[in-house]
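Encoded as structure tokens, the structure appears first; notes follow it.
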Amino acid sequence: MIETIRQLLNKKGNQVWAISPDATVYQALELMADKDIGAVLVMEGDKLVGIFSERDYARRCILRNRKSKETLVKDLMTTNVVTIEPSATIDDAMELMTRYRIRHLPVVENGKVVGVISIGDVVKAVIENQEHLISHLEGYITGDHGVTT
Ligand code: AMP
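According to my numbering, the stretch in the sequence shown is residues -10 to 138, in order.
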């Protein structure tokens, strides 16, 4: 069972894709396309200064007739970043994502970014947990407790 964000990261990995606030929006989009991700962290060295997602591009760039090659990430990013700690649970992550209507959460431990989880990672963990529980219950019903491990 995956219960904590730390367990999820151990499975998923600690890869963090980040970009400088002075990069252009176009460069951020290139990074997102290249890595097949929906948001990038905006970092100045080790410091998390914002987050930029596809939604920011759609709403703050295209809809406002801004040119992605002439607009900087720092002008469109969200600076008030909601983060989560590794000791938090999958339920905590779902609660934050639902409450703030966000699909990405940087994982921060002692002030340092140690990973990122997306809503896709959370859904995957929940499904895996349900499958685990079902197989546990099936084993319980049939008396074959060996399948629970
Ligand atoms: P998303 O659902 O992740 O595509 O993001 C939707 C909006 O919320 C965008 O404006 C993002 O910049 C912003 N956003 C995404 N993740 C976070 C986060 N962890 N903290 C604060 N804002 C976020």
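No residue lacks a Cβ here, since even glycine has one placed at the ideal position from N, Cα and C.
Contact test: residue i Cβ vs the ligand AMP heavy atom, cutoff 6 Å
| i | result |
| --- | --- |
| R53 | no |
| R92 | yes |
| A22 | no |
| V96 | no |
| T78 | no |
| D45 | yes |
| V71 | yes |
Bridge partners - residue i, DSSP secondary structure assignment
| i | result |
| --- | --- |
| G109 | Answer is none; G109 lacks a bridge partner. |
| H98 | According to the sequence shown, residue 98 is Glu rather than His. K101. |
| L30 | A7, I40 |
| T72 | In the DSSP output, where bridge partners are listed per residue, T72 has none listed. |
| T87 | Beta-bridge pairing links T87 to no other residue. |
beta-carbon residue i near the ligand SAH non-hydrogen atom, thresh 6 Å
| i | result |
| --- | --- |
| S42 | Among the ligands present in this structure, namely the ligand AMP, the ligand SAH is not found. |
Assigned secondary structure, residue i (DSSP; H/G/I helix, E/B strand, else coil)
| i | result |
| --- | --- |
| T(-7) | strand |
| S57 | coil |
| G132 | coil |
| I123 | helix |
Discussion item. So, does the stretch 11 to 19 touch the stretch 80 to 89, judging by three or more C-beta pairs under 8 Å?
Written reply: Because the criterion of three Cβ pairs below 8 Å is not met, the stretch 11 to 19 and the stretch 80 to 89 do not touch.
Practice prompt. Evaluate the contact criterion for the stretch 33 to 48 versus the stretch 95 to 114: three or more CB pairs, one atom per stretch, below 8 Å.
Written response: Counting Cβ pairs under 8 Å, three or more are found: they touch.
Worksheet item: Would you call the stretch 118 to 133 and the stretch 51 to 60 touching, i.e. three or more CB-CB distances under 8 Å?
Response: The count of Cβ pairs closer than 8 Å, one atom from the stretch 118 to 133 and one from the stretch 51 to 60, stays below three, leaving the stretches out of contact.
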